[in-house]
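Counting from 1003, one number per residue, gives the positions in the sequence shown under this note's numbering.
To start, the structure itself, in structure tokens.
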Amino acid sequence: MKIRIRNVLFNFLAILTVIAVVFVGFNLISGAKGYAVTSNSMADTLKRGDVVFVKPVAFEEIQVGDVVTVEATGGKYHFTHRVVEVNEAEKTVITRGDANDSDDPMPTQGERIVGKMWYKVPLLGYFSILFLNFSRSTGLIILVSVAVVLVAANTVVLKIKSKKRGDSDE
């Protein structure tokens, strides 16, 4: 029995796709959202390229030591830092990156906290970081283009192989 690289690659990609669908479904059902870590401000806990998955929590559930993701600059930017102080009266928290020497410059309003860290996946964020320089539509066009090129290349290879088999039968 001859093992074909194309079959192995196809099976690998099929398994990867199933895992990705299950993973995305799990996060949709659980309400978790993922954010790529783009700096080393939380080094040791989170590294650049990790993806942190957060779940929404009520402000009253946030405690000193929790790692939270915060919406900044009108929702276009997010950061994930550790809570170092909670002000219940003003519903604010003070955050700091584990690798930073000082607290973040301004208190964070409770409504800007997207959620508390649930878990992380190392290295998964590099894909997102790569596409940060592109708009979503440009990134989608690139992904679709790559998929079309791969399908076209596979079709060409199959046609060449079938012609070779047809020629050798004569």
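Where a beta carbon is used, it is the ideal one built from N, C-alpha and C, also for glycine.
Within the model, the alpha-carbon separation for residue 1041 versus residue 1129 is close to 14 Å. When 1066, 1110 and 1049 are compared, the shortest CA-CA separation from residue 1075 is found for 1110.
Closest in alpha carbon position to residue 1015, among 1073, 1152 and 1168, is 1152.
Relative to residue 1051, the option among 1043, 1070 and 1085 whose CA is nearest is 1043. Per DSSP, the unbroken beta strand (DSSP E) holding residue 1081 starts and ends at 1079 to 1089. Per the coordinates, the alpha-carbon of residue 1070 lies some 6 Å from the alpha-carbon of residue 1119. Assignment of residue 1059 by DSSP, reduced to helix, strand and coil, places it in the coil class. When secondary structure is reduced to three states using DSSP, residue 1007 falls in the helix class.
Judged by their CB atoms, residue 1026 and residue 1038 are not nearer to each other than the 8 Å cut-off. For residue 1084 against residue 1097, the beta-carbon gap comes to about 6 Å, under 8 Å, which counts as contact.
At a Cβ-Cβ threshold of 8 Å, residue 1034 and residue 1056 count as neighbours. Contact between residue 1081 and residue 1072 holds: CB atoms are separated by about 6 Å, below the 8 Å threshold. Cβ atoms of residue 1061 and residue 1117 stay farther apart than 8 Å, at about 11 Å.
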